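FYI, the numbering for the sequence shown is 170 to 283, going by our numbering.
Every residue gets a Cβ at the ideal spot worked out from N, C-alpha and C, and that includes glycine.
These numbers were taken from a predicted model, which means no experiment stands behind them.
Below is one structure, written out as structure tokens, with a few remarks after it.
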Amino acid sequence: MSTEEGRTLAARDAGFARALLPMLLADLKLMEDFRYQPEPPFSFPITVFHGAGDDRVTEEGSQAWRALTTGAFHKHVTPDGHFFLRTDPSRDWLLRGIAAALPPPPPSFNWRAS
Numbered sequence: 170m171s172t173e174e175g176r177t178l179a180a181r182d183a184g185f186a187r188a189l190l191p192m193l194l195a196d197l198k199l200m201e202d203f204r205y206q207p208e209p210p211f212s213f214p215i216t217v218f219h220g221a222g223d224d225r226v227t228e229e230g231s232q233a234w235r236a237l238t239t240g241a242f243h244k245h246v247t248p249d250g251h252f253f254l255r256t257d258p259s260r261d262w263l264l265r266g267i268a269a270a271l272p273p274p275p276p277s278f279n280w281r282a283s
């Protein structure tokens, strides 16, 4: 969602704006206070999904996740931009990619448990 889209949504729905504001402020606070502290890489696999048309996260930025694991690293790229989840084909592509990246459930897993 672009800034303009956010303004349009907020203008149409004040409740939406009130609900969204605390989350946005919390995100801004996290970004302001965060300082990266180098640590040894993880050993688990990392899978990255990147939009080639993204104007916020570069190809190099998405590839940088590789340095954070000694395990497997997989990167999947869609031609869409930063908000690629907003299109049905990309959403389906992402869900298939996540399903492929996750290990299968154990044989004892009960899909129908409530």
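- In the three-state DSSP reduction, Gly240 falls in the coil class, being neither helix nor strand.
- Spanning the alpha carbons of Pro248 and Trp234 requires a straight line of approximately 19 Å.
- When DSSP states are grouped into helix, strand and coil, Phe253 belongs to the helix group.
- Between Gly266 and Thr216, the gap from beta carbon to beta carbon is short of 8 Å.
- Going by C-alpha positions, Gly184 is about 43 Å away from Ala241.
- Cα atoms of Pro272 and Arg181: separation of roughly 42 Å, rounded to the nearest angstrom.
- By the neighbour-count criterion, in which 16 or more other beta carbons inside 10 Å mark a residue as buried, His219 falls on the buried side.
- Look at Phe203 here: in three-state DSSP terms it is coil, with no helix or strand label.
- Annotation for Gly230: the continuous alpha helix (DSSP H) segment containing it runs Glu228 to Gln232.
- Assignment of Phe218 by DSSP, reduced to helix, strand and coil, places it in the strand class.
- In this structure, the straight-line span from the alpha carbon of Ala221 to that of Val246 is close to 6 Å.
- When the beta-carbon positions are compared, Pro276 and Thr238 stay at least 8 Å from each other.
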